[in-house]
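So the structure is just underneath, and the comments pick up after that.
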Amino acid sequence: MKKYIVAFSIAAVVAAVALPAFAHDGGENENRHGAKLGVRLDHFLDANLDNSKFVVLGTVSSKTSGSLVITAKTTANVPNLVNSLATVNVNADTKFTSNNKVSTLADIAVGDKVIAIGTVSGTTLTATSVHINVDKKTEEQARRKAKAFGEVTAKTDNSITIKNSLTNTTQTLTVNDDTKVKINGEVKTMADVQVGDSGWVKFKTQAGVLIAKIVNLFR
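Residue numbers for the sequence shown, in mature numbering (1 follows the signal peptide of the UniProt record, and there is no 0): -23 to -1, 1 to 196.
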């Protein structure tokens, strides 16, 4: 059981961003590439996809022709978050959407709220999709679903480290007296957690620190 990696719920945001660019809803509005739009981002936040993608939700602090620097509020599988900043590469294959319509990198301004989703290679993040102008409802839904999935590789009295075997991303999360722990469905404490346990950790991001709210593991 400990080799099993649970399905990646926050990757629902991947569907939320990717699908508006390709969905056909039979409506009247079409984008400039001919794809019909109208699929709302938040309609897909309850989907379940694999956990092989990174997700960053936050505010654009700077951009170049090949990257975005995002002040992150919610992340998953992000190995290079420094001072709450995530650098996300973009390229010709990156799909941009804004208000459920096809957009471009040129439409992104510093201060815009975005969700970026894509692939992880080492510490390099490359966006396959970027959704611009994220509303408060969608932001809150994404924040509630923030989880780290994988195997416990280390723990201390005030932290737990999880490695995702699909992306090789390692995340260290802070634990405190409010952190709830379950192992094999039973209520436990952090003292019961062992290196090698697998599962997920639901967390919140506060001042650049990942704070574990729920630790749910199996062995």
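Note that the Cβ used here is the ideal one computed from N, Cα and C, for glycine as well.
Relative to the alpha-carbon of residue i, which residue among the options has its alpha-carbon at the smallest distance?
i: THR71; options: SER42, LEU62, VAL55 and ARG196; result: SER42
i: VAL46; options: VAL65, PRO56 and THR52; result: VAL65
i: THR147; options: ALA49, SER80 and LEU187; result: LEU187
i: LYS50; options: VAL79, THR81, LYS90 and VAL67; result: LYS90
i: ASP169; options: VAL87, LYS132 and SER98; result: LYS132
Using the C-alpha atoms, what's the distance from residue j back to residue i?
i: ALA125; j: ILE94; result: 15 Å
i: LYS179; j: GLY127; result: 12 Å
i: VAL107; j: ILE139; result: 26 Å
i: VAL79; j: THR101; result: 25 Å
i: ASP134; j: ASN145; result: 24 Å
i: ALA(-17); j: LYS165; result: Note that ALA(-17) scores a pLDDT of 37, beneath 50, so its modelled location is shaky and nothing firm can be said.
i: ALA189; j: ASP154; result: 10 Å
i: ALA69; j: THR149; result: 33 Å
i: VAL59; j: SER44; result: 16 Å
i: THR81; j: ASP112; result: 18 Å
i: ALA104; j: GLY88; result: 18 Å
i: GLY99; j: ALA63; result: 14 Å
i: GLU163; j: ALA83; result: 50 Å
So what's residue i in DSSP terms, helix, strand or just coil?
i: LYS113; result: helix
i: LEU150; result: strand
i: ALA86; result: coil
i: ALA104; result: strand
i: ALA69; result: coil
i: ASN168; result: Note that residue 168 is Ala in the sequence shown here, rather than Asn. Correct three-state label for ALA168: helix.
i: SER142; result: coil
i: ALA125; result: strand
i: THR81; result: coil
i: THR41; result: coil
i: LEU187; result: strand
i: GLY35; result: strand
i: THR156; result: coil
i: LYS30; result: coil
i: LEU62; result: strand
i: GLY95; result: strand
i: VAL46; result: strand
i: GLY176; result: strand
i: VAL192; result: strand
i: LYS(-22); result: Summary for LYS(-22): the model assigns pLDDT 44, below 50, so the residue's position carries little reliability; its value from the coordinates is reported in the next sentence. It is coil, neither helix nor strand.
Can the beta-carbon of residue i be found less than 7 Å from the beta-carbon of residue j?
i: GLY176; j: PHE195; result: yes
i: VAL158; j: VAL192; result: yes
i: PHE73; j: VAL55; result: no
i: SER136; j: THR151; result: yes
i: ILE33; j: THR52; result: As written in the sequence, residue 33 is Val, which differs from the Ile given in the question. Cβ atoms of VAL33 and THR52: closer than 7 Å.
i: SER142; j: ASN110; result: no
i: VAL48; j: SER39; result: This sequence places Thr at residue 48; Val is not what is there. Not closer than 7 Å, so no.
i: ILE85; j: VAL37; result: yes
Going by other Cβ atoms of all chains shown within 10 Å of its Cβ, with 16 needed for buried, is residue i buried or exposed?
i: LYS114; result: exposed
i: ALA184; result: exposed
i: ASN77; result: buried
i: GLY35; result: buried
i: THR182; result: buried
i: VAL97; result: buried
i: ALA123; result: buried
Does the beta-carbon of residue i, which I'm using as the reference point, lie nearer than 6 Å to any heavy atom of the ligand FAD?
i: VAL67; result: Annotation note on the ligand FAD: not contained in the displayed structure, which lists no ligands.
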